[in-house]
Amino acid sequence: MQGQPELSATPPGAPRRGRAPARRVSPLRWLGIASGPAAALAIALIPSGLHAVPGHGHRPAYAAAVAAWMALWWLFEVLPIAYTACLPLVLFPLLGVFGRGLAGDAARAVAPFLDAYIFLFLGGMAIGAAMEQWSLHRRVALHIMRAIGADPKRLLLGMLVATASISLWISNTATAVMMLPIGLALLAQLEAAAGGRRLSHFGTAIMLGVAYASNVGGIGTKIGTGVNSIFCGFLADKLHHDISFLRYMALALPFVVLFVPLLWLALWRVGKRDGLSAGHARDVLDRELAAMGPMSRGEKTVAAVFALASMLWILGDPLRAAIAPQLQAAVRGLDAALGSGSAAAFKVQGKHYEAAVAVLAAFSLLALRALSLASLRRMPWGTLVLLGGSFTMAAGIEAGGLSAWMAAKLAVVAEAPLFAQIGLASVATVALSALASNTATVNVALNVLPQDLGVLFAATIAASCDFMLPAGTPPNAIVFGSGYVRLPVMIKTGFVLDVAAALLITVYVYGYARHLIGG
7 MQGQPELSAT PPGAPRRGRA PARRVSPLRW LGIASGPAAA LAIALIPSGL HAVPGHGHRP
67 AYAAAVAAWM ALWWLFEVLP IAYTACLPLV LFPLLGVFGR GLAGDAARAV APFLDAYIFL
127 FLGGMAIGAA MEQWSLHRRV ALHIMRAIGA DPKRLLLGML VATASISLWI SNTATAVMML
187 PIGLALLAQL EAAAGGRRLS HFGTAIMLGV AYASNVGGIG TKIGTGVNSI FCGFLADKLH
247 HDISFLRYMA LALPFVVLFV PLLWLALWRV GKRDGLSAGH ARDVLDRELA AMGPMSRGEK
307 TVAAVFALAS MLWILGDPLR AAIAPQLQAA VRGLDAALGS GSAAAFKVQG KHYEAAVAVL
367 AAFSLLALRA LSLASLRRMP WGTLVLLGGS FTMAAGIEAG GLSAWMAAKL AVVAEAPLFA
427 QIGLASVATV ALSALASNTA TVNVALNVLP QDLGVLFAAT IAASCDFMLP AGTPPNAIVF
487 GSGYVRLPVM IKTGFVLDVA AALLITVYVY GYARHLIGG
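So the sequence shown is numbered by my numbering: it starts at 7 and just counts up by one.
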């Protein structure tokens, strides 16, 4: 989701005008602004079962009030999503949600902002920023597309595969921004070969392919999108279930492999209407690669660091088992020497190991001058705040007793057949993601759905599967501005893919992922 555009400055030499009139706030925006605190006050003050949860007093109602405020402000985009995520950081201590006094609650609210998954995602963003700085991701994408083929049908598949492959490791927005000009260059060459005829259908397919594959590709790894990190952090902190980097890829990457061909089939039905011949697409790819020249020293450095980090993540379980005893003994010895006693039960978890690898990779890129400070500044730092706020909200819902109250109320759903639970979670999350950002959607879903690993994983995948509306995800909005995508076509194609995604997620999680996720 994008924020409001800034007002442009007066051009040099233009006549000076008076102060621009203040923007008029629409009634819908006023509704959004007021809805959050109004709902919070109603939940916190009106007597209900939330005020009578044994052992928790009024704390479940206060936790629900803050969660409702956040959800409504996320839905109406009252503030940038990362700012709204800071609400529990302030309100949970003031309302005593954790029940430890003001100072204790403040410490508990801040702690999730230092969670290992924050540092894992930080390191992943740094690797992605280095790839963007040296255009390594562009080179990889061009080679993938060239290898798959240059006739129209294969070209569309190549665009999907290349985009999804890049989105595994860098943000979906950055992937879409990078792939958009490649797609436009290909379309320009193909249109020239067709005698200047505008390829409206094939252009639509290519542009939608960039957006859809950017969203789907991020599902495949822990660092592909913030949604995945929120899910893994939720499981580790609330359900005490740690998922390694390799296990997560084994869980999620097959879904990407299965869904990309469905994207291809749906989009080729749109693109083939232009009756396009092979044209000169390979010439465009060759020219783009030639313009990049041989791999620079910076590209080679980033590629080496990325390959090493990936290998360490994939081999995480055996390596962590080898170093954990020595590291735990060292930490406990230091803790004993300091006399704090706070790390007496410290245990090296998978998230600690993976975060350490990510941070070491980031520092290595900085030390080797393969990552500049300018690239660091361009990183989406607000995502880290969003993750921290999400973890704090989940911790407050658990500690405040709201999760116990919701579990009792959702007992009927939890007693339904597991296949039905997974299907309901998939459909509801795909629908909600059309209205709210994927991170806001998964935050709501994880905290209200039955706490079954398969159900929660289905919701996590579904949060990245909105294809209908330009406002659904940033890549959807980016390609909508290309001039090739018409809203009716996007809605029609996206609706079919939304339904296909919900059905595939249900079958995929029930038949495969749920058996692996608890192993």
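Backbone N, C-alpha and C define an ideal beta-carbon position, used for all residues, glycine too.
Pull up the distance between the alpha-carbon of residue i and that of residue j, whole angstroms please.
i      : j      : result
Ala73  : Leu493 : 33 Å
Arg23  : Leu85  : The predicted position of Arg23 is uncertain, since its pLDDT is 46 and thus under 50; a value taken from the coordinates is nonetheless stated next. Distance between the alpha carbons of Arg23 and Leu85 is about 30 Å.
Leu366 : Glu360 : 10 Å
Met137 : Leu318 : 19 Å
Lys357 : Asp248 : 7 Å
Leu13  : Ala88  : Only weak support is given to the placement of Leu13: the predicted model assigns it a pLDDT of 34, under 50, and the value that follows is read from those uncertain coordinates. Answer to the nearest angstrom: the Cα atoms are 22 Å apart.
Ala508 : Leu271 : 17 Å
Ala368 : Gly189 : 30 Å
Leu462 : Ala451 : 8 Å
Ala180 : Pro480 : 10 Å
Ala440 : Met496 : 13 Å
Pro331 : Ala211 : 53 Å
Phe476 : Phe486 : The question names Phe, but residue 476 is Pro in the sequence shown. Going by the C-alpha atoms only, they are around 6 Å apart.
Phe425 : Lys498 : 27 Å
Gly517 : Ser235 : 24 Å
Asp289 : Ala446 : 43 Å
Ile511 : Leu503 : 12 Å
Ala327 : Trp36  : 54 Å
Ser396 : Lys278 : 43 Å
His521 : Leu416 : 23 Å
Using a 10 Å radius around the Cβ and a threshold of 16 neighbouring Cβ atoms, would you call residue i buried or exposed?
i      : result
Ile467 : buried
Phe501 : exposed
Leu101 : buried
Ile320 : exposed
Trp387 : exposed
Ser470 : buried
Val216 : buried
Ala310 : exposed
Gln10  : Annotation note: pLDDT 34 at Gln10 (below 50); position unreliable, no value reported.
Gln427 : buried
Lys228 : buried
Lys244 : buried
Glu83  : buried
Trp79  : buried
Arg384 : exposed
Ile124 : buried
Asp111 : buried
Val167 : buried
Ile329 : exposed
According to the Cβ coordinates, are residue i and residue j closer than 7 Å?
i      : j      : result
Ala431 : Leu455 : yes
Asp280 : Leu205 : yes
Pro94  : Gly402 : yes
Val233 : Asn444 : yes
Leu193 : Leu295 : no
Ala464 : Val515 : yes
Asn178 : Gly224 : yes
Tyr218 : Leu269 : yes
Gly226 : Val262 : yes
Ala364 : Leu126 : yes
Ala135 : Ser370 : no
Phe237 : Gly322 : no
Val418 : Ala376 : no
If you compare alpha carbons, which of the options is closest to residue i?
i      : options                           : result
Thr398 : Ile150, Leu51, Ala48 and Met76    : Met76
Gly105 : Phe82, His64 and Gln139           : His64
Ala58  : Leu462, Ala410, Val505 and Ser302 : Ala410
Arg506 : Leu264, Arg384, Pro324 and Glu138 : Rather than Arg, the amino acid found at residue 506 in this sequence is Ala. Of the listed residues, the one whose Cα sits closest to Ala506 is Leu264.
Ala70  : Leu97, Thr227 and Ala88           : Leu97
Lys159 : Leu282, Lys228 and Leu241         : Leu282
Leu142 : Phe425, Leu475, Glu404 and Lys306 : Lys306
Ser302 : Gln139, Ile523 and Gly460         : Gln139
Leu393 : Val448, Ala405 and Leu340         : Val448
Ser220 : Pro260, Pro187 and Ser173         : Ser173
Val222 : Arg288, Gly209 and Ala170         : Ala170
Ile523 : Leu257, Arg35, Leu379 and Val491  : Leu257
Val513 : Pro60, Gly429, Val491 and Asp504  : Gly429
Ala519 : Arg203, Tyr490, Gly489 and Gly460 : Gly460
Ala182 : Phe119, Met213, Ala153 and Glu197 : Met213
Cys92  : Ala117, Ala109 and Ala200         : Ala117
Would you mind giving the Cβ-Cβ distance between residue i and residue j, rounded to the nearest angstrom? I have them listed as a contact below 8 Å.
i      : j      : result
Pro56  : Pro66  : In the sequence as presented, Pro is not what sits at residue 56; that position holds Leu. Between Pro66 and Leu56 the Cβ distance is about 5 Å, and since that is below 8 Å, they are a contact.
Ala400 : Asn453 : 6 Å
Met184 : Arg145 : The pair is not a contact, with the Cβ atoms about 11 Å apart (cut-off 8 Å).
Met131 : Met151 : Contact doesn't hold; Cβ gap of about 25 Å is too wide.
Leu4   : Ala442 : No information on residue 4 is available, as it lies outside the stretch 7 to 525 that the chain covers here.
Gly230 : Trp175 : 7 Å
Using beta carbons (cut-off 7 Å, strictly below), is residue i in contact with chain B?
i      : result
Ser381 : This model lacks chain B altogether; it includes just one protein chain.
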